[in-house]
Structure formats: structure tokens, C-alpha cells
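Chains as they are written, first to last, in the working numbering: chain A, 1 to 429; chain B, 430 to 858. All C-beta atoms, glycine included, are put in the ideal place defined by N, C-alpha and C. These notes are about the structure you will find just below.
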């Protein structure tokens with residue numbers, strides 16, 4: 001048996017890539033988007049992958065939000081290990097609410113940084129800039145966002161002049177084109193920089209607006225299919241997964257079906273006794289109004305958490321309500337970064353704080369959102385066969401690198417590395 | 430307090446209608462069909478009902494199929510009482526599989542028959558003829574199907590010459606027009622026969638093909654909205670509910686995601702040890718290939734049921750597997766008309782017997798189907814306010830008549846009946 005160069009990150013061992021590896025996180029890619037697009041012939045590359053490669057369904061991290069899941073994918077571990085429990089949090093030290101975009105919140109190294117340290121060329125492109133600093137934590141390589149592609153510098157992003165190189169104009173942060181910029185950048189990077197590992201992360205602007213099978217969704221998925229086919233043609237192993245699914249969140253009146261938690265707690269406990277935090281919150285809320293299916297609540301008197309959870313179970317629209325320890329265990333979350341209890345809403349409901357704190361004027365279509373258990377299933381596809389895996393086990397989206405590096409058969413003839421040193425690796429930078 | 434004429438059926442007490450009552454069972458009406466259609470302005474009448482009347486979500490009977498639910502709606506009780514456990518069953522006496530369309534299977538009187546016996550004029554129109562005999566059991570009144578509207582006789586159906594009266598041609602059993610015929614017949618009946626109670630039941634041909642929010646679904650819902658508005662204009666109290674919801678049932682390849690149970694059991698137990706029955710089966714399987722999310726299984730050795738259920742829980746796509754007694758209790762089913770165990774599949778999966786026994790050639794679009802817990806939520810709307818109800822309790826679709834007759838405020842000034850005798854009732858036939 002040939003010696004294979006390996007790397008160990010967060011207690012998981014990975015073989016080094018033997019052909020360029022592209023992992024694409026398609027934000028909000030409910031599996032049915034793929035099913036409907038494939039059925040109507042809009043994703044011929046994916047159809048081919050499902051026939052000759054690997055097509056699995058995987059469970060994402062709950063809360064099914066962007067930051068926790070992207071970080072799980074690139075670290076290979078759940079938030080209980082990497083520490084990113086949401087897009088937004090209550091800082092337990094300062095008592096202030098804040099975004100969770102800063103790498104100081106990250107408790108685990110990324111596989112991306114480790115691969116780069118091992119001498120492999122690594123590149124990362126995200127749609128929104130909010131993810132760039134987290135995904136780029138400790139990374140010596142290329143890392144930029146489509147949102148701020150016009151401001152890239154070699155010093156900070158490992159690349160400059162991106163707009164001219166990719167040959168596309170800067171896209172609006174609320175557009176399908178922002179994601180297309182990510183994918184086009186990936187193709188350009190593979191052509192001109194040939195990274196050993198490329199991580200691409202899109203935005204769910206389209207999925208927040210359009211249901212699976214609609215012409216708009218199908219056109220978006222067709223665009224993705226087209227770019228992934230190009231990456232395969234460039235000799236890459238390509239993995240498609242997602243950070244979370246997406247569901248309609250409206251009642252029969254077509255309006256958002258919102259369970260406002262702050263008044264519920266205020267009525268039971270009195271004002272100022274409970275503080276509701278929505279980890280979906282981020283600076284880009286136009287398309288979902290900060291309404292998602294996961295909330296965490298801090299109580300002045302944490303002893304009441306169990307009683308409140310029991311009462312929440314009877315509230316229409318609540319799928320689960322768990323005290324901190326239970327939530328941390330069942331959802332694999334860092335107990336010190338969630339509140340005294342966690343609430344998850346059902347498929348057609350979202351959770352809000354107070355009506356006045358959600359601006360829904362930007363919603364020009366019936367609300368679609370995510371965050372709950374009902375958005376936990378995501379695709380996990382590879383354009384390579386993976387003989388020997390148990391397809392029926394509970395795969396996670398953060399098994400993406402494991403599946404690709406340890407189980408997928410590379411297309412090219414395997415040239416075994418002669419030592420574990422990076423200089424000998426065929427894809428060393 | 431005025432004396433109100435009442436009737437008691439299956440241990441539930443109902444006030445007699447004080448204005449004509451129309452209960453419409455919109456087959457396969459997942460609530461999101463209404464939400465999306467209302468949001469795009471296609472259901473102005475329903476939008477008005479939600480604003481000024483009553484809009485609830487209700488749980489249908491599992492198995493979420495047509496026959497058990499229509500019979501529950503018109504009897505006010507679950508299948509454990511009325512006996513109709515599916516569209517299709519294994520006759521425990523003969524050991525033969527057969528349709529469950531015959532009234533001899535019905536163990537409870539319908540409220541429709543009881544109201545007619547009480548002297549009220551009652552009319553029933555179904556889309557498919559399969560439901561007509563069950564819904565018309567013991568009923569002295571008008572009862573016909575759109576499917577066989579050309580063959581109505583006064584003797585059997587209480588009406589003749591339906592095509593000429595309604596002024597529409599006979600519709601194909603696989604068409605949106607079949608349901609439109611039901612609604613148009615309802616409007617004609619209310620104009621010319623003025624029944625005190627009218628029950629209309631459509632078919633889910635459109636819902637099996639088109640997702641909520643698609644142009645085809647919206648057009649169908651708009652047609653329904655239009656007819657219900659006409660019935661309201663004719664002075665009716667109108668209830669809209671459904672027999673079950675509807676979900677996509679395809680994998681990422683766009684093909685039906687089927688868990689074939691017979692080979693699973695044969696492999697574990699040997700051939701001939703288990704017999705899988707799919708209660709969705711009926712003569713009209715072109716649009717779903719007899720693939721639904723509920724199955725019941727008879728075992729030669731029933732002692733193995735618990736062990737098999739435990740094993741089924743680990744099978745991808747299974748939402749629940751319960752032994753007969755548990756299934757009968759939790760789903761309120763007649764224990765003597767289900768098998769030794771019951772299997773329910775998840776939202777994106779259906780259950781099959783053996784691959785060779787399902788003809789999927791008629792599926793011209795990605796499969797959508799029902800039968801499981803994931804299709805249990807349905808609308809329960811009334812164009813009247815219902816002060817005093819607990820909107821958050823677990824309403825059932827078979828509370829439709831209770832909600833309408835006991836809780837809804839009639840629009841017209843109330844003329845209290847002076848006695849409980851039928852002759853005095855303002856709507857006596």
C-alpha cells in the first residue's frame with residue numbers, strides 16, 4: 001500500500017489532495033432546488049455527478065445559518081468545537097449584542113489554513129465580506145469576497161486587480177450576480193493560479209426569494225451547474241454542499257408567520273427579565289428581515305428555563321425548546337455562547353423579537369427563510385465515486401473534506417507521494 | 430338564551446344550520462398553496478376571509494389520504510370510529526386486497542345523512558366517483574360525482590340531467606376541470622336547489638403536479654376562490670378545508686425517492702413472510718403511481734413487529750414505524766383494519782411495495798404525493814368570525830362542521846328556532 005501524505009486538523013485526519021479540490025458551499029441550497037432543476041434538465045452536470053459520482057443528503061448544523069455552517073465545513077467539526085454559534089451573539093463578557101464575524105471567536109484552526117501551512121496553495125472566495133475574515137483566519141493564501149472584490153490587495157487578500165482578472169463588474173450584494181462572481185472567480189483562479197484547494201461560498205439571495213422549480217431558481221442553479229462543469233473540465237474534484245436549506249415561512253395570508261418571542265417572555269416574566277437573541281441577524285437583512293427559525297434567550301433568572309421550555313412546547317409554531325445544556329448537547333453548540341434556552345420554530349414559522357424591531361419593508365415576495373431543524377438537510381455531492389462509504393449513515397455537511405480527501409477516487413492516475421513532506425507533494429505551492 | 434335546534438351524531442352535538450352551509454374539501458390543499466396564491470393576489474375572497482372570518486391550520490388524519498379524511502370530515506370522528514382506514518385495504522376475513530369504497534366498511538353514520546333525516550335538504554358533489562358511495566351512505570338527498578355526472582338518475586343520485594343544468598361538458602378524470610365541475614355544480618345547486626348543507630370534494634390532480642406558487646397552482650386556486658365567492662354571494666356560510674397536504678417526493682436526481690418495502694422485508698424474513706399494503710392505491714394512480722408516504726404491513730409472525738419497527742427507524746427516509754397497537758392509538762386508526770405494523774416516510778420520500786408493481790410511466794412531472802405526517806397540516810377557513818374559540822388548540826379537519834355549526838356567527842340576523850322539530854327550522858327541506 002502506498003504511503004499517503006496526511007494532515008491532522010481538529011482530531012480528524014485527511015489525505016492531501018492528489019488533484020485540485022474545489023468545495024462549493026451553495027448558500028441555502030435546499031436539496032429540492034437540485035431535484036427540481038435536474039428534473040427539468042437545467043443541471044446536466046449535476047445529473048451526471050449523481051449517475052457516476054456521489055450524491056448524498058447531509059445534515060447541516062442547527063442553527064441552520066451561514067456562519068456556523070461555513071465554519072463547520074472548513075474546520076470539520078461542529079460549533080461546540082469551533083465556537084461560532086451563529087451570525088450574531090450576545091457577548092457574555094460585555095453583555096452586548098454583536099456580529100460574530102471576528103476570528104477571535106474562532107476556537108479551532110481551519111483545514112484551509114492547515115493545508116496552506118503544509119505548503120499547498122489555498123484560495124477562498126466568498127460572496128459577502130462578512131464571512132471572509134472567519135474563513136481566512138490564519139490562512140496564508142488568497143481570500144477575498146465578491147462583495148468587496150474591487151478593494152483586494154496582495155497584502156490583505158493575497159491577490160489584487162480581481163475585477164479586471166475575472167472580467168466582471170462588481171455585483172450588488174443583493175443579487176444573483178454576486179454568487180455568479182464567486183463561481184466565475186473560482187474558474188479564473190483555477191485557470192491562472194491553480195490552487196490545490198479552493199473553497200467557494202455563495203449567497204442565498206435567490207433562495208430567499210424563489211422556491212425550488214421556479215424559473216428564477218432553475219436559472220440560478222443552471223448557472224452554478226455551468227461553472228462546476230468548467231471546474232471539472234479543468235481537472236478538479238468538485239464537492240457541492242450547502243450551509244442550510246430554505247423553506248417558505250408564510251401563513252395562508254401570504255404574510256410572514258412570525259412568533260414574536262420578546263412579548264411572550266415579557267408577558268410571563270415581566271419586562272427586562274428575558275432577552276431574545278436572533279443569531280440570523282446580520283447587516284444584510286433586506287431579504288429576510290432578520291426572521292429565522294432559531295432563537296436563543298437569556299434570562300435574568302435561569303432557574304426558570306425548564307418551566308419556560310415546557311410552556312413553549314405548547315405554543316403553535318414551536319418545534320423544539322430546550323434548556324442550555326440540552327441544546328448544547330443535542331445541537332453540538334458551545335454552551336457558553338448560547339442563552340439559557342433555545343427555541344426552534346417549525347417549517348412554516350419564524351421567530352422574531354418584537355414586531356417593532358423587524359423591518360419587513362424590503363420583503364417584495366413571500367418570506368422564505370431558515371435556521372431550524374426543518375432546514376437541516378443539504379446536498380453533499382462529489383463528481384467522483386466514493387466506494388466503501390456507508391451512504392445511509394448520518395452524513396454532515398462538515399464531512400465534505402473528509403469525503404473528498406479520504407474516500408473519493410481521484411480521476412487522474414494516482415501518483416503516491418514518496419514522503420509526507422510538502423515539497424514532494426504534486427500540488428505543493 | 431334562545432333554544433337552538435340541535436342534532437347529535439357520533440357523540441358530537443351540532444346546532445342546525447341557520448344559513449346554508451357549504452363545506453368544501455379541497456383535495457391536497459397544502460396550506461402553502463393558499464399562502465402563495467393569496468400573496469400574489471390570486472385569492473381575494475380567501476384574503477378577505479382571513480381578514481374578517483376565521484383562518485386556522487388543522488391536522489388531518491394520518492394516513493393523509495382522501496377516503497379516511499373525507500369520511501372523518503363528514504362523520505366528525507377519526508377512522509378508529511368510522512372505520513375507513515385508507516383508500517385500499519386487506520380484508521381481514523378474506524385475506525384479499527381491495528378498495529375501501531363500499532359503505533359496508535363504514536362504521537359510523539355521516540352527519541350529512543343525519544341532517545337529511547332531520548328534514549334538511551342535503552347535497553354532495555365529489556370529483557371522483559370512488560368517494561360518492563361512501564359520502565352518500567344512508568343519505569336521502571342529492572349525491573353525485575363530476576366523473577360520472579352524465580349518468581345521474583333521480584333514483585340513485587337524487588338528480589338528473591346534470592351536464593345540461595350545470596352547463597359544462599363532462600371533464601376528464603385527470604384534469605383541473607373535474608374539480609371546477611364540482612364547484613360549478615355547487616353554485617348551480619345553491620342557486621336552484623338551495624340545500625341547507627352542501628358538501629363539495631375536489632380532486633388533487635393539480636396539486637400532484639404543481640407546487641405552491643406556480644402559475645398552474647395559482648390559477649387553480651384562483652378558480653376555487655372565484656366559486657367560493659359566488660357561494661358567499663348566494664348567502665352561504667362557506668368552510669374550506671382539505672383532506673391532506675402535498676409535498677415533493679423526489680431526490681436530487683429529480684426521480685421519485687422510493688423506499689421499496691417488500692424487498693426490505695423479504696430480505697430480512699424470507700419471501701412470503703410479510704405483505705406490504707399501500708392504502709393510497711386506487712384505480713386512479715397515473716399521477717402518483719400508487720406511491721405515498723404511508724404503508725401497513727401484515728406479518729406471518731406478528732411477534733416480530735416490534736423488532737422490525739426498531740430496524741425500520743434506522744432506514745433513511747422513514748419518519749415513523751409503529752406496531753399495530755401503537756399505530757392505532759397514535760393515529761386513531763381501527764386496529765383490525767391495519768397490519769401488524771405501520772410505516773410512515775419522511776417529507777421527501779415515498780413508500781413502495783416492489784419496483785415492478787409501480788408503473789411510473791404516467792409521471793410527466795417530478796412526483797408530488799402525500800400520506801405521511803409531513804402532509805398533515807391543512808387549512809380550516811370559514812367566511813364567518815368564530816368568537817370564543819381557542820385558535821391555538823389542535824384543530825382537526827374533522828372539526829369543520831363543529832366549527833361552522835357551533836362556533837361561527839351566521840351573517841344574517843339570527844332567527845331562533847322555536848322548537849327542536851325539523852318543520853320549524855328555517856332551512857327545513
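- Taking the Cα positions, residue 372 of chain A is about 16 Å away from residue 78 of chain A.
- Counting the other CB atoms within 10 Å of its CB gives residue 368 of chain A a total of 16 or more, which places it among the buried residues.
- Residue 294 of chain A: member of the beta strand (DSSP E) spanning 294-299, first to last residue.
- Rounded to whole angstroms, residue 40 of chain A and residue 102 of chain A show a C-alpha spacing of 41 Å.
- DSSP places residue 73 of chain A inside the alpha helix (DSSP H), whose first and last residues are 66-75.
- Using beta-carbon distances, residue 468 of chain B counts as an interface residue toward chain A, with a partner under 7 Å.
- For residue 797 of chain B, the three-state secondary structure derived from DSSP is strand.
- Per the coordinates, the alpha-carbon of residue 273 of chain A lies some 25 Å from the alpha-carbon of residue 821 of chain B.
- In the same chain as residue 493 of chain B, and ignoring 5 residues on each side of it, the C-beta atoms closer than 6 Å to its own belong to 673, 799, 800, 804 and 805, in chain order.
- For residue 209 of chain A against residue 365 of chain A, the beta-carbon gap comes to about 5 Å, under 8 Å, which counts as contact.
- For residue 609 of chain B, the closest C-alpha among the options B/574, B/838 and B/509 is that of B/574.
- Nearest in C-alpha terms to residue 786 of chain B, of all of B/441, B/593, B/664 and B/718, is B/718.
- Each residue's CA atom was taken as its position, placing residue 394 of chain A and residue 380 of chain A some 12 Å apart.
- Residue 571 of chain B and residue 678 of chain B have their C-alpha atoms spaced approximately 37 Å apart.
- Counted as a single uninterrupted DSSP element, the stretch harbouring residue 569 of chain B is not any beta strand (DSSP E), since DSSP gives it neither H nor E.
- Shortest Cα-Cα distance from residue 58 of chain A to any of A/48, A/52 and A/69 involves A/69.
- Neighbourhood of residue 253 of chain A in chain B, by CB distance below 9 Å: 463, 464, 467, 468, 475, 476, 479, 480 and 484, in chain order.
- Here the alpha carbon of residue 134 of chain A sits roughly 13 Å from the alpha carbon of residue 127 of chain A.
- Scanning its chain for C-beta atoms nearer than 7 Å, with the 5 sequence neighbours on each side dropped, one finds around residue 7 of chain A the residues 14, 16, 114, 115 and 118, in chain order.
- A direct Cα-Cα distance of roughly 10 Å separates residue 319 of chain A from residue 348 of chain A.
- Under the criterion of beta carbons closer than 8 Å, residue 317 of chain A and residue 403 of chain A do not qualify as touching, at roughly 35 Å.
- Counting every other CB atom within 10 Å of its CB across the protein chains shown gives residue 157 of chain A a total of 16 or more, marking it as buried.
- Within the DSSP bridge table, the entry for residue 228 of chain A names no partner.
- According to DSSP, residue 781 of chain B shares a beta bridge with B/689.
- Under the DSSP assignment, residue 514 of chain B falls outside any alpha helix (DSSP H); it carries neither an H nor an E label.
- With distances taken between CA atoms, residue 551 of chain B lies nearest to B/448 out of B/448, B/722, B/726 and B/465.
- Annotation: Cβ neighbours of residue 211 of chain A in chain B (cutoff 7 Å, chain order): 640 and 642.
- The alpha-carbon separation between residue 206 of chain A and residue 697 of chain B amounts to approximately 45 Å.
- Secondary structure within the segment 436-484 of chain B: the beta strand (DSSP E) runs of 3 or more consecutive residues, fully enclosed, are 441-444 and 450-454 (chain order).
- The C-beta of residue 263 of chain A comes no closer than 7 Å to any C-beta of chain B.
- Taking every protein chain shown into account, the CB of residue 812 of chain B has 16 or more other CB atoms within 10 angstroms, so this residue is buried.
- In the structure shown, residue 357 of chain A falls within a helical segment according to DSSP collapsed to helix, strand and coil.
- In the structure shown, residue 406 of chain A falls within a helical segment according to DSSP collapsed to helix, strand and coil.
- Taking the beta carbon of residue 795 of chain B as reference, the chain A residues within 7 Å of it are 35, 36 and 39, listed in sequence order.
- For residue 321 of chain A, the uninterrupted beta strand (DSSP E) run begins and ends at 318-323, by DSSP.
- Using beta-carbon distances, residue 451 of chain B does not count as an interface residue toward chain A, since no partner is under 7 Å.
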